[in-house]
Every structure is written in structure tokens, then in C-alpha cells.
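Just below is one structure, and these are the notes that go with it.
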Amino acid sequence: MTTNSIALRPEKSKSLVFEKSDRPMTDSLKVAEQFGKDHKNVMRDIKELDCSSEFSRLNFEPSKRKDERGKWQPIYNMTFDGFIFLVMGYRGRKAAQLKEAYIHEFNRMADFIRKLETAKAESRELTDAIKFAHADGEYHNYHFSNEFDLINRIALGAPAKKIRKERGIPETADSVRPYLTDAEIASVVRLQRFDAGLVVTVQDYEERRRIMTAYHARITTPAISA
Numbered sequence: 020m021t022t023n024s025i026a027l028r029p030e031k032s033k034s035l036v037f038e039k040s041d042r043p044m045t046d047s048l049k050v051a052e053q054f055g056k057d058h059k060n061v062m063r064d065i066k067e068l069d070c071s072s073e074f075s076r077l078n079f080e081p082s083k084r085k086d087e088r089g090k091w092q093p094i095y096n097m098t099f100d101g102f103i104f105l106v107m108g109y110r111g112r113k114a115a116q117l118k119e120a121y122i123h124e125f126n127r128m129a130d131f132i133r134k135l136e137t138a139k140a141e142s143r144e145l146t147d148a149i150k151f152a153h154a155d156g157e158y159h160n161y162h163f164s165n166e167f168d169l170i171n172r173i174a175l176g177a178p179a180k181k182i183r184k185e186r187g188i189p190e191t192a193d194s195v196r197p198y199l200t201d202a203e204i205a206s207v208v209r210l211q212r213f214d215a216g217l218v219v220t221v222q223d224y225e226e227r228r229r230i231m232t233a234y235h236a237r238i239t240t241p242a243i244s245a
């Protein structure tokens, strides 16, 4: 069975699904806005769900948010499982299409979190190598930023600042990595691993840049068949 896709309400869809404690989540107010329901009724629906107290504890988190008048109002943050349990009772074609759109947003955020965690894990090896290269403890923030910017320039053709501007990446984002394609991430990770060994053995920045540029060109140039 196919149905026409339905767009999430554009004025309400910003940050529809968000990251919290390394999990994709939404909240009761966003659900109310998208499904065209009064928030108090969605709050009531959550409280009246026929689920175990353990499921409720794990998937519905009491919280609060300021309303337009600046007053704190109760809301529930909810996981993907909590969202599905809640909206199972919402019927109709529009509700079905909204469920599908919401599931897409949850999957998108889960992928974003996966990329962010991968970026953190892969960056740790190079970060440790930079610290080791300055075993006397004389390392500063610019030692790290310069090295990661060098990798971005070689692998992506631009420093992180320019990439943020060109792709509309929020300034508050810790890293540009989650916003890259899988191919771009693979290229960056490959250079990071290569540089983790290079930064310890080659102290001169310009020499590292020359070696890494040549290495990147070699591994990204298609082999010519005889």
C-alpha cells in the first residue's frame, strides 16, 4: 500500500528529533504540534499508556520548557520506542504519514549520532599522538586545531570554518564530521590514521603537509590499467 508523502509542519519541524544522552529523542510538545493536538491531551495520553513502569521510566522522561510567556511548563522527552508506543493509537491517513515522517527523522538523527561517535573515536587516536609528540607537556589548543584543519584542507579542500559556512553547519556543532558524506568521512579517517603516526615521527608541519598531500593524491587517484 502506498500513500502520498506528507511534509512535517515547516514552522514546527526544526530540531524535531534531537540528541540527548547519545540517543535520538523527541518530546510531547513537538508531537502535539505535528499531530495537531493540544499538548495537555498528549501529556494525558502518555500518563494513561498501558505500559509497564519500567518501560515508562526508560522511554518517557519528565522535563520542562518555557512557554511564550516565559513560564515553565511540564513536557515529556521520549525515545523512539516511547514515540511508537504513544502514536500507535493515533489513527487516520495523515497520522500514518506523520508517523512515517517521524520515523525517518529518528533514523536520520540515529545516523548523525553514529557519525558523531565515530568522529570522536577516530579523533582520539590523533589527539593522543599529538600529546605524545609533545611529551614535555608543552602542547596547546592550536596544536590540535592546526592538525585537524590540515586534514580537512587536504581531504575536503577547505578548513572546517569554510565548510561550516558553505554547508550551513551550526557554529555550536562540535565537529563538521557528522555533516559529511560517508566517502568524505572515510577520506578524513584515513588521513587521521596516517597522520597519527606521522605527527610523532615528522615534527615539521610543512613536511607533514607535503607527505600527507602526496599520500592523499596517491590513494585517491584511480589506477591506470595496462
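Just so you know, the sequence shown maps onto residues 20 to 245 in my numbering. All residues carry an ideal CB built from backbone N, CA and C; glycine is no exception. It should be emphasised that the depicted structure is a prediction, and the values quoted were computed from it without experimental measurement.
In the displayed model, T200 falls within coil according to three-state DSSP, outside both helix and strand. Across the structure, D57 and A129 are spaced so that their CA atoms are roughly 28 Å apart.
The closest CA to that of M44, considering only E67, K113, K59, Y121, is found on Y121. N78 and P93 have their C-alpha atoms spaced approximately 16 Å apart. Non-local C-beta neighbours of A215 in its own chain, meaning closer than 7 Å and more than five positions away in sequence, comprise E144, L145, A148, ordered along the chain.
Rounded to whole angstroms, the separation of the alpha carbons of M97 and A154 is 45 Å.
Excluding sequence positions up to five before and after Y224, its CB lies within less than 8 Å of the CB of N165, L169, all in the same chain and listed in chain order. In terms of Cα proximity to F213, the closest of I65, L199, R229 is R229.
Just so you know, the alpha carbons of F167 and R127 end up roughly 26 Å apart.
Rounded to whole angstroms, the gap between the alpha carbons of S82 and F99 is 17 Å.
Distance from V208 to E141 at the Cβ level is roughly 5 Å; contact confirmed, criterion being Cβ atoms closer than 8 Å. The three-state reading of DSSP puts Y224 in helix, counting H, G and I together. Following the DSSP letters along the chain, one finds M44 inside the beta strand (DSSP E) bounded by residues 42-46. DSSP places M62 in the uninterrupted alpha helix (DSSP H) bounded by 58-66. By a beta-carbon distance limit of 8 Å, E119 does not contact L35. Their separation comes to about 13 Å.
Only exposed fits F151, as fewer than 16 other CB atoms lie within 10 angstroms of its CB. In this structure, the straight-line span from the alpha carbon of E190 to that of D69 is close to 42 Å. Between the alpha carbons of G55 and I182 lies a distance of about 37 Å. In this structure, L217 keeps its C-beta atom at 8 Å or more from the C-beta atom of H235.
Taking 8 Å as the cut-off, the Cβ atoms of I132 and E38 count as close.
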